[in-house]
Amino acid sequence: MVYPKGSIVVLDTETNGLNPFSNGKIDQKGNLPGARIFCFAYFTELGEYGFMMKTSRSLAWLKRLLNDKRKTVVFQNAKFDLELLYFEGFDVLNLKAHIDDTMIMSKVVRSTAPAHDLITLSKQVLGKYDTDDKDEIVIWLKEHGNEFKKLHGRKPNFSDVPIEIVKRRVLWDVETTFYVYSKLKSMVEETCPELYETERRLIFACIDLELYGVKIDISRAKELRAQAIKDLTAIQNDLDKLVLPIQVTRKKKGIEIVEQITDKFNPGSGQHVAGAFNKLGIPLLYKTKPKKSKKGSDKKSGGGNWSFDEYAMIRYVSKPLAGVIRDSGEDGWPASKFYDEVYRVIEEYDLDEQELLPPLILKYRQVQKMISTYYDHLINDCTDTHVESSGREVGILHCKFNAQECMTGRFSSSQINLQNIPRLLGPRECFIPRKGRRNYHLDYDQVEMRFFVHFSGDQTMAAAIDEDIHRTVAAEIYDKPKEEVTSEQRKRAKGTNFGIIYGAGAATIAETLTKKGLPTSTQEGMQVTGKYHRKFPSVRRTTKAFGSELKEYGYVTNPFGRRYHIPTQFSYKMLNYMCQGTSADLMKRAMVEVWEWLRATNKISRIILTVHDEIVLECPRTEELEVVTKAIEIMEELEMFNIPMTVSVDVVTKRWSEKVKPSSLGFSFK
DNA sequence: TTCCTAGGCCC
DNA sequence: GTACGGGCCTAGGAAA
Numbered sequence: 284m285v286y287p288k289g290s291i292v293v294l295d296t297e298t299n300g301l302n303p304f305s306n307g308k309i310d311q312k313g314n315l316p317g318a319r320i321f322c323f324a325y326f327t328e329l330g331e332y333g334f335m336m337k338t339s340r341s342l343a344w345l346k347r348l349l350n351d352k353r354k355t356v357v358f359q360n361a362k363f364d365l366e367l368l369y370f371e372g373f374d375v376l377n378l379k380a381h382i383d384d385t386m387i388m389s390k391v392v393r394s395t396a397p398a399h400d401l402i403t404l405s406k407q408v409l410g411k412y413d414t415d416d417k418d419e420i421v422i423w424l425k426e427h428g429n430e431f432k433k434l435h436g437r438k439p440n441f442s443d444v445p446i447e448i449v450k451r452r453v454l455w456d457v458e459t460t461f462y463v464y465s466k467l468k469s470m471v472e473e474t475c476p477e478l479y480e481t482e483r484r485l486i487f488a489c490i491d492l493e494l495y496g497v498k499i500d501i502s503r504a505k506e507l508r509a510q511a512i513k514d515l516t517a518i519q520n521d522l523d524k525l526v527l528p529i530q531v532t533r534k535k536k537g538i539e540i541v542e543q544i545t546d547k548f549n550p551g552s553g554q555h556v557a558g559a560f561n562k563l564g565i566p567l568l569y570k571t572k573p574k575k576s577k578k579g580s581d582k583k584s585g586g587g588n589w590s591f592d593e594y595a596m597i598r599y600v601s602k603p604l605a606g607v608i609r610d611s612g613e614d615g616w617p618a619s620k621f622y623d624e625v626y627r628v629i630e631e632y633d634l635d636e637q638e639l640l641p642p643l644i645l646k647y648r649q650v651q652k653m654i655s656t657y658y659d660h661l662i663n664d665c666t667d668t669h670v671e672s673s674g675r676e677v678g679i680l681h682c683k684f685n686a687q688e689c690m691t692g693r694f695s696s697s698q699i700n701l702q703n704i705p706r707l708l709g710p711r712e713c714f715i716p717r718k719g720r721r722n723y724h725l726d727y728d729q730v731e732m733r734f735f736v737h738f739s740g741d742q743t744m745a746a747a748i749d750e751d752i753h754r755t756v757a758a759e760i761y762d763k764p765k766e767e768v769t770s771e772q773r774k775r776a777k778g779t780n781f782g783i784i785y786g787a788g789a790a791t792i793a794e795t796l797t798k799k800g801l802p803t804s805t806q807e808g809m810q811v812t813g814k815y816h817r818k819f820p821s822v823r824r825t826t827k828a829f830g831s832e833l834k835e836y837g838y839v840t841n842p843f844g845r846r847y848h849i850p851t852q853f854s855y856k857m858l859n860y861m862c863q864g865t866s867a868d869l870m871k872r873a874m875v876e877v878w879e880w881l882r883a884t885n886k887i888s889r890i891i892l893t894v895h896d897e898i899v900l901e902c903p904r905t906e907e908l909e910v911v912t913k914a915i916e917i918m919e920e921l922e923m924f925n926i927p928m929t930v931s932v933d934v935v936t937k938r939w940s941e942k943v944k945p946s947s948l949g950f951s952f953k
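Residue 284 is where the first sequence starts when you use our numbering, and the numbers rise one by one after that.
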């Protein structure tokens with residue numbers, strides 16, 4: 284175990300799993316709980332290399348390396364390796380060595396590339412195509428999976444693969460990473476060094492967020508789940524009574540087969556639902572549209588099946604019931620209220636019993652989703668579970684935050700996704716601050732709209748940005764003073780504003796407004812967008828300017844240096860990329876600075892999550908005023924292009940679902 | 001198993 | 001003359 288002389292050291296660890304967090308249970312896929320490192324390898328610019336199994340001696344060697352301030356240690360995806368090293372007792376937030384990350388480099392330099400794994404980088408950055416055998420480990424796992432399972436009763440992982448294979452692979456990894464690093468480093472320096480630096484510093488903030496986690500009231504999740512199961516059973520009974528038996532048509536190798544369903548109607552199956560509609564004599568009317576396929580092409584796929592989404596269901600029922608469905612969605616009614624209201628309205632307006640079908644299916648799907656997407660994970664995935672003196676079971680959920688997953692620059696979140704927790708339904712009741720803490724939600728006001736106004740340069744909009752921009756736009760479109768704008772007109776203007784940012788045409792804007800309960804014909808849509816562009820001509824000018832920039836250079840650069848490479852036929856997306864991406868990069872800068880300030884001043888307060896334009900801080904009462912005030916200051920200081928950035932604050936004392944303005948607790952920050 | 005489709009939640 | 005943006009997760013179904 285020679286200590287390397289080179290100053291650039293590429294490091295790669297191999298582990299026996301992907302998720303280092305453990306609640307002691309084997310997960311649904313049969314993986315071991317609590318992934319750990321079992322070996323690692325290095326490679327330096329002097330050509331030195333080595334492979335080591337994890338031992339106390341090799342870990343000591345590693346610790347020395349990572350705390351050597353003369354070294355630059357390069358990882359492919361540093362967040363993963365460093366989190367695993369945390370579980371080996373490394374103080375990963377205070378390493379002395381400089382950390383670099385080739386995956387992040389690739390993502391900032393080649394943002395629209397479809398993949399950033401090492402094999403792809405080897406092909407695309409180094410131009411090496413002899414990589415077919417580099418998935419040896421995966422191949423071995425596939426070939427020996429069943430045999431291994433019979434012998435050991437579990438799935439094999441990387442640490443079960445013959446060590447020569449692992450060694451070959453990990454040495455190839457570190458060497459390849461080194462050459463990729465050499466190439467990408469100069470590309471980063473030429474194109475976006477500051478952007479990369481922010482992302483690099485963000486590695487540590489992300490690690491901290493993920494390791495610290497969010498506190499969950501598991502008892503509450505269990506209560507809510509139990510209630511949801513009850514609701515589900517009730518709905519299932521009603522549905523079975525209403526529709527069974529049904530005939531279901533399914534396809535097998537192109538041949539249609541008809542099947543009788545007599546025992547259980549499945550509201551989650553389109554075929555069952557179609558069967559139920561037929562049974563009740565409701566003519567099927569609406570079909571799904573083809574969707575754009577994922578990346579890089581304008582091909583469409585799918586479509587042509589009977590559609591049973593909420594908007595279709597609303598059109599299948601009569602007006603009063605459609606109103607119930609809309610109100611329920613807007614106000615987040617619990618299932619019981621929805622249920623009562625549906626039956627009440629059917630009674631009151633003397634509607635056919637068959638009208639029960641669409642609302643019951645909708646509610647069934649919603650409740651089912653809450654159970655499988657939220658409650659099950661909240662109950663099963665927490666670490667550090669214990670019962671508090673109050674008798675409630677609590678735990679910590681470690682979700683993932685990925686700073687590089689979105690091409691625009693936004694964060695994404697997974698396992699579970701903390702960025703799409705329903706605002707109005709049960710799950711937010713399960714998220715609670717730790718003992719003696721409060722959660723502060725710091726939210727940039729209308730940030731994307733601000734950048735939209737900035738890029739367009741429209742003076743009327745700019746003047747209204749701190750008031751109510753949608754109302755201002757409505758006043759212009761409908762030629763009336765702001766005070767006389769009706770709430771419906773404001774809603775239309777808001778829909779149009781967002782539609783324009785997202786690059787929608789008149790027809791799509793009309794359709795979207797219609798779906799939101801504001802019936803609009805394509806013609807009316809064209810009138811509105813026509814008026815919009817006459818009143819705000821700079822918006823179209825901006826779209827065109829981005830388009831010609833894209834055509835000329837093949838990419839457009841946002842104010843933080845992030846480049847968007849896309850085919851010119853998608854130039855309608857660029858306005859959105861610029862608004863969304865600039866906001867995202869602003870947010871990242873703010874987050875890094877808030878996080879580093881918290882560390883530098885030894886604060887107990889932590890950033891626990893971020894939702895696109897919002898940072899959530901968990902603060903002890905002793906420092907909440909100082910920390911929140913400072914965080915707002917940091918966020919607002921990043922004012923760009925003379926657009927004031929304003930931050931609004933909400934506070935959570937008990938449950939996320941009970942988020943309020945600080946003023947309602949008798950204090951404020953401004 | 002794996003892949004695709006549909007549906008639905010967030011900003 | 002044309003185009004709503006970016007995510008994540010789940011269940012069902014069809015082909016292998």
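The beta-carbon is built from N, C-alpha and C at its ideal position, and this holds for glycine as well.
Got a sec, what are the start and stop residues for the alpha helix (DSSP H) residue 684 sits in? Careful: residue 684 lies outside any alpha helix (DSSP H), inside the beta strand (DSSP E) at 683-685.
Quick check on this structure: which residue in 290, 489, 852, 844 has the alpha carbon closest to the alpha carbon of residue 357? 290
Since residue 676 is in the beta strand (DSSP E), which residue starts that stretch and which ends it? 676-680
For my contact list, residue 798 and residue 594 are in at a C-beta cut-off of 8 angstroms; report their separation, rounded to the angstrom. 5 angstroms
Same chain, Cβ closer than 6 angstroms to residue 651, five either side skipped, listed in chain order: none
Environment of residue 324 [buried if 16+ CB atoms lie within 10 Å]: buried
What separation, rounded to the nearest whole angstrom, lies between the Cα atoms of residue 579 and residue 478? Reliability of the predicted coordinates at residue 579 is poor, the pLDDT of 48 falling under 50, and the value obtained from them is presented with this limitation in mind. Approximately 24 angstroms between the Cα atoms of the pair.
Taking 8 angstroms as the threshold, find out whether the region 827-846 comes into contact with the region 473-487 through three or more Cβ pairs. yes
For my contact list, residue 722 and residue 901 are in at a C-beta cut-off of 8 angstroms; report their separation, rounded to the angstrom. 5 angstroms
Give the DSSP bridge partners of residue 293, in chain order. 326, 357
Would you call residue 803 buried or exposed, if buried means 16 or more other Cβ atoms sit within 10 Å of its Cβ? buried
Residues in its own chain within less than 7 angstroms of residue 947 by CB, not counting five upstream and five downstream? none
Taking the beta strand (DSSP E) that residue 891 belongs to, which residues open and close that run? 889-893
I need the boundaries of the alpha helix (DSSP H) containing residue 844, first residue and last residue. Element bounds for residue 844: n/a, residue is neither H nor E.
Between the Cα of residue 811 and the Cα atoms of 444, 411, 750, 759, which residue gives the shortest distance? 759
For the beta strand (DSSP E) holding residue 951, just list the boundary residues, first then last. No beta strand (DSSP E) holds residue 951; DSSP gives it neither H nor E.
In angstroms with no decimal places, state the Cα-to-Cα distance between residue 527 and residue 643. 14 angstroms
Relative to the C-alpha of residue 783, which candidate in 856, 302, 297, 703 has its C-alpha closest? 856
Pick helix, strand or coil for residue 579, following the three-state DSSP scheme. Confidence in residue 579 is poor, its pLDDT being 48 and thus under 50, which makes the residue's placement unreliable; the coordinate value appears in the next sentence. Of the three classes helix, strand and coil, the one that applies to residue 579 here is coil, per DSSP.
Below 6 angstroms CB to CB, which residues in the same chain sit around residue 624 once its five sequence neighbours on both sides are set aside? 607
Runs of alpha helix (DSSP H) wholly within the region 893-940 (minimum 4 residues, chain order): 907-920
On a CA-only basis, which of 717, 303, 790, 548 is nearest residue 904? Give me that one, please. 717
Please tell me whether residue 392 and residue 467 are closer than 8 angstroms, where the distance is taken between their beta carbons. yes
Whole angstroms are fine: how far does the CA of residue 725 sit from the CA of residue 786? 29 angstroms
Counting Cβ pairs closer than 8 angstroms, one from the region 876-890 and one from the region 905-925, do we hit at least three? yes
Classify residue 605: buried if its beta carbon has 16 or more other beta carbons within 10 angstroms, exposed otherwise. buried
Alpha carbon of residue 571 to alpha carbon of residue 553, nearest angstrom: 11 angstroms
How is residue 721 classed by DSSP in three states: helix, strand or coil? strand
Thinking C-beta only, is residue 938 closer than 8 angstroms to residue 627? no
Is residue 943 helix, strand or coil by DSSP? strand
At a cut of 8 angstroms, does the region 665-677 reach the region 508-528 through at least three beta carbon pairs? no
Please give me, in chain order, every unbroken run of the alpha helix (DSSP H) with length at least 4 that falls completely inside the region 847-878. none
Please state whether DSSP places residue 560 in a helix, a strand or coil. helix
Measuring straight from C-alpha to C-alpha, what distance separates residue 944 and residue 897? 15 angstroms
How about the region 494-511 and the region 523-542: do they share at least three Cβ pairs that are nearer than 8 angstroms? no
Who are the Cβ neighbours of residue 442 in its own chain at under 7 angstroms, not counting the five residues just before and after it? 299, 321
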